[in-house]
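Just so you know, the sequences run in chain order A and B. Quick note: the first sequence uses our numbering, first residue -1, plus one each step. Quick note: the second sequence uses our numbering, first residue -1, plus one each step. Down below is the structure, laid out as C-alpha cells.
Number of protein chains: 2
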Amino acid sequence: MTVTLADVAARAQVSPATVSRVLNGNYPVAASTRERVLKAVDELDYVLNGPASALAAATSDLVGILVNDIADPFFGIMAGAVQSEIGGPGGRAGGERLAVVCNTGGTPERELTYLTLLQRQRAAAVVLTGGAMEDGVHQAAVAAKLRKLTEAGTRVVLCGRPPAPDTGAIALTFDNRGGGRELTEHLIGLGHRRLGYIAGPEERTTTRHRLEGHRTALAAHGIEEDPRWTVHGRYDRQAGYEATLELLRRDPTLTAVVAANDTVALGACAALRDSGLRIPDDVSVAGFDDLPFSIDAVPALTTVRLPLAEAGARAGRVAMGREEAPAGGIATVRGELMVRGSSGRPRA
Amino acid sequence: MTVTLADVAARAQVSPATVSRVLNGNYPVAASTRERVLKAVDELDYVLNGPASALAAATSDLVGILVNDIADPFFGIMAGAVQSEIGGPGGRAGGERLAVVCNTGGTPERELTYLTLLQRQRAAAVVLTGGAMEDGVHQAAVAAKLRKLTEAGTRVVLCGRPPAPDTGAIALTFDNRGGGRELTEHLIGLGHRRLGYIAGPEERTTTRHRLEGHRTALAAHGIEEDPRWTVHGRYDRQAGYEATLELLRRDPTLTAVVAANDTVALGACAALRDSGLRIPDDVSVAGFDDLPFSIDAVPALTTVRLPLAEAGARAGRVAMGREEAPAGGIATVRGELMVRGSSGRPRA
DNA sequence: TTCTACATAGAAAGCGCTTGCTGTACGGTT
DNA sequence: AACCGTACAGCAAGCGCTTTCTATGTAGAA
C-alpha cells in the first residue's frame, strides 16, 4: 500500500488536518509539531497524492503548453522558456508546477482535444504557441473553448499567435507582417526586383501575415508581383528544397528567394547549391525566425530574429500571474532584421 | 458552478453511476440510455473532472517525459516520438493521455524533483531521455526513486540512457561507444593520425562513452593519444567554437576534429572557417547524432545517425505496454555512420 | 480571579468520481 | 409453472486530501 496522509498523521501523533497544513504551510503550526510531522514524512517517504489534493482544493499545478511541433526548435525554445518561468523545480516561485507540453501537429482537431484534456485536468494555465489555423469553424470552436477555460479561472496566454477577441485570453503577438516587410525591403534596397517567395502552409495566420508583409514592401516600391513568384509548402526543409526548384523552373531570372522561415530557407539554399547557383552572388536567400542554426549556414542566413525565448518567458510569467498582462490584453512583439551573408546585391 | 456528473445524470434521468459507465465504456449500458446520457453531456458541455476521476479510479492519464533541454532538437525529436505513441489525440489507442515534458537542464536535483512531482501525480509512465549524470550520490537517489515508481506500478523507460539495474526500469540504450569508435575509425581510415576531440560535459555517461569509443579506435590502430587533443565543454555551439580554437592553439597540426555532437561540430566548423581553414581540405570534422540540420551544413557533416524518432516511439510503446519490453529489460540501439563532405583525406 | 483573545489542533464534511454489490425485469429452461 | 441466467441500472461506500468550524490551552486584560 502507498503511504497516505493519515499514516503520516498517525506516526507524528497529530491529526491529518495538521499534516496537511504543515505540507501546505498556509496555517499556523507550532514549530515543534511541524518538525515532528516533517520527520514522519521523511521516515515514511510520503508523497502527496496529487489528484486527491487537486480535487479537494479545486486547484491544480498543471500548466499546459500547446505547440505545433515539439521537434522544431522554434517551438522548443518557446516551450522551454515558458517552463522555466512557471516555477517548476529550478523556477523561483514556491508552488511546483508541471508543464504539460502538447504536440498539436498544427491541426485544429488535436488543438481542441488537447484543450479539452487540459480543461479536464483543471489546468492552472494554458499557453498556446504558434500561428493559428484560419479555418472559420475550428477557429470558433477554439475560441469557445478558450472562453470556457478563462471563465473557469484558467489563465490563457497566446504566444506568437494572433489575439482571440472576447475569450479573455492574453495575446503576445509576433509582428510577422512588419518583419516580412522589413526583410523584403532590405532585399529591394540591395537592388532586387525579381523575388521569389516560399510561403508556409495556406490557411495559417503566420503564413498569411509574413506574405502580406512581403507584398506590402513590393507594392511600396512599385514592384508588380508575378503570381508565379509565390509557392506554398510545409514549414520544413524538404518543402523549401522543392519549392525552390519549382520557383527556378517557373522563372530562372529570380535574383532572390524569401522563405517563410529559416528551416525552409535552408532547404532553399540546398536547392540553389544543387542547381549550381551561388549564394548570394547568383541568388540571395532570406529566412525568418533566426533559429540557432541559421548563423551556421554558409553563408550565414539573413533573417528576422524573433525573441522566442523572451516572449515565451513573458508568456510564462503572465500565465502565472507574476507579470501584469499588457494593456488591452494584447502586446505586439517585434522582430529584428539580421542582415548576414546570404543576401547581397543582385547579379548584373 | 461547473457541471458535474450528477448534473448530467439528473438531466439524462439516470444515476451518476450510469453516466460514469457510459463515459468510460467499461460496462454494458443499453443503447437508448447511452444516447440519452451523451445528449445530456453534450447539452451541458460537460467535461469530466480529471483529478476526481484519477482519485477514485486510482489511475492517471499523465505520462512524464524527462529531457535535458527541450529546445534541443535531440530531445525534441525523442519527446515528440514518445508523445505520438502514448495515445494522446491523434494517437491510436483509446485512453487519451497527456504528456508532461519536463526540462531537467541535465541537473540531477531537478531530475529528482520532477520524478517526485510525477510520482505525486501518480503518472502512468515515465520516460527518461538523455545521458545520466555520473554523480554517485544522485545516481543512487535517482535509482531509488525509479524503484519507488516501478513498485507503485508506474512503467519507467530509459531512452538513450544507460540501464539502471534493480530499478525495474526498461532501458533502450544508445550504443555511444560503438558509434564513437566507428566514427574515429572512419577518420583513421582516411589517413588521419592527429585527431582533436571535443568532449561534452564531464561526469556524463554520454560524454564518457563516446570518448571511450574514440579512444578505443585510436588504440586499435596504435595511435598514441596526446592529452592535449581532448577538450571538454558544454553540448552547444559556442562550446564547440571555443574548444576548437583551443585545440588549434594547443596543436595547429591537427588534421581532424571529432565533436561530441552535431551542435558542437557546427561550432567547430565556424571556428575553423574563422581561422581560415578549409573543411575538409585542411581539417576534417565529424559530429554525432545526425540532427536534421547536419546535412545542411557546408560541407554536410559526417556523423553518426542515432534513430531518435524510432527509439522514442519504441520507448513510448513500451511505456504504454503496447510493445513487449526487450529481453532482460535492456536493448541497445545502434547508430549508423553517415559519411559526408566534412571528412576527407588529411592534407599532405 | 474571571473574562476575553489568541494561537493551535482536531472533527468532520465534503470535493466529484468509480465500482462492488444489490436489485429488477425479462426471456428462456426444465 | 417455477426457476434461473442475463442484461441493465442504482445504491452507497469510499478514493486521499482540504478546509470550515469548533474545542482547548494559555496569556494577558479587567
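We put the CB at the ideal spot given by N, CA and C, even for glycine. In this text the structure is predicted, and so the values were computed from the model without any measurement.
Three-state secondary structure assigned by DSSP to residue i
i, result
"B:Val256", "strand"
"A:Arg90", "For A:Arg90, the predicted model reports a pLDDT of 36, less than 50, meaning its position is unreliable; a value from the coordinates is still stated below. In this structure, A:Arg90 counts as coil in the three-state DSSP scheme."
"A:Met336", "strand"
"B:Ile186", "helix"
"A:Met76", "helix"
"B:Gly194", "strand"
"A:Asn174", "helix"
"A:Leu144", "helix"
"A:Val20", "helix"
"B:Val155", "strand"
"A:Val27", "coil"
"B:Val65", "strand"
"B:Ala346", "coil"
"B:Thr204", "helix"
"A:Thr165", "coil"
"B:Val135", "helix"
"B:Ala329", "strand"
"B:Ala10", "helix"
Burial state of residue i, where buried means 16 or more other Cβ atoms lie within 10 Å
i, result
"B:Asp249", "exposed"
"B:Gln119", "buried"
"B:Tyr44", "buried"
"B:Val12", "buried"
"A:Thr251", "exposed"
"A:Glu83", "buried"
"B:Asp164", "exposed"
"A:Asp288", "buried"
"A:Lys143", "buried"
"B:Tyr25", "exposed"
"B:Glu109", "buried"
"B:Ala4", "exposed"
"A:Asp59", "buried"
"B:Gly342", "buried"
"A:Gly274", "exposed"
For residue j and residue i, the rounded distance between their alpha carbons
i, j, result
"A:Ala85", "B:Asn101", "Checking the displayed sequence, the identity of residue 85 of chain A turns out to be Gly instead of Ala. Taking the straight line joining both Cα atoms gives about 12 Å."
"B:Thr16", "A:Val154", "34 Å"
"B:Gly151", "B:Val27", "30 Å"
"B:Leu243", "B:Glu334", "29 Å"
"A:Asp280", "A:Val229", "20 Å"
"A:Arg213", "B:Gln137", "57 Å"
"B:Ser282", "B:Ala217", "20 Å"
"B:Asn259", "B:Phe286", "4 Å"
"A:Val39", "B:Arg175", "42 Å"
"A:Asn66", "A:Gly103", "5 Å"
"A:Val99", "B:Ala97", "6 Å"
"A:Asp294", "A:Leu116", "38 Å"
"A:Met336", "B:Val262", "23 Å"
"A:Gly128", "A:Cys157", "7 Å"
"B:Pro278", "B:Gly189", "13 Å"
"B:Leu270", "A:Thr2", "60 Å"
"A:Tyr112", "A:Leu64", "8 Å"
"A:Ala10", "B:Gln236", "53 Å"
"B:Asp234", "A:Val135", "43 Å"
"A:Pro305", "A:Phe72", "10 Å"
"B:Pro290", "B:Ala346", "33 Å"
"B:Tyr195", "B:Asp173", "18 Å"
"A:Ala55", "A:Arg95", "15 Å"
"B:Gly238", "B:Arg332", "25 Å"
"B:Gly339", "A:Arg191", "35 Å"
"A:Glu321", "A:Ala266", "40 Å"
"B:Leu245", "B:Trp227", "7 Å"
"A:Gly211", "A:Glu180", "8 Å"
"A:Ile68", "B:Ala8", "42 Å"
Are the region 314 to 323 of chain B and the region 191 to 203 of chain B touching, with three or more C-beta to C-beta distances below 8 Å?
-> no
Is there contact here, the region 221 to 237 of chain A with the region 29 to 47 of chain B, by at least three beta-carbon pairs under 8 Å?
-> no
Inside the region 240 to 303 of chain A only - alpha helix (DSSP H) runs reaching at least 4 residues | 260 to 272
Can you find at least 3 beta carbon pairs, one from the region 31 to 50 of chain B and one from the region 62 to 81 of chain B, that sit closer than 8 Å?
-> no
Indicate whether the contact test is met: 3 or more Cβ pairs, each with one atom in the region 295 to 314 of chain B and one in the region 135 to 149 of chain B, closer than 8 Å.
-> no
Any contact of the region 165 to 180 of chain A with the region 327 to 344 of chain A, i.e. 3+ C-beta pairs under 8 Å?
-> yes
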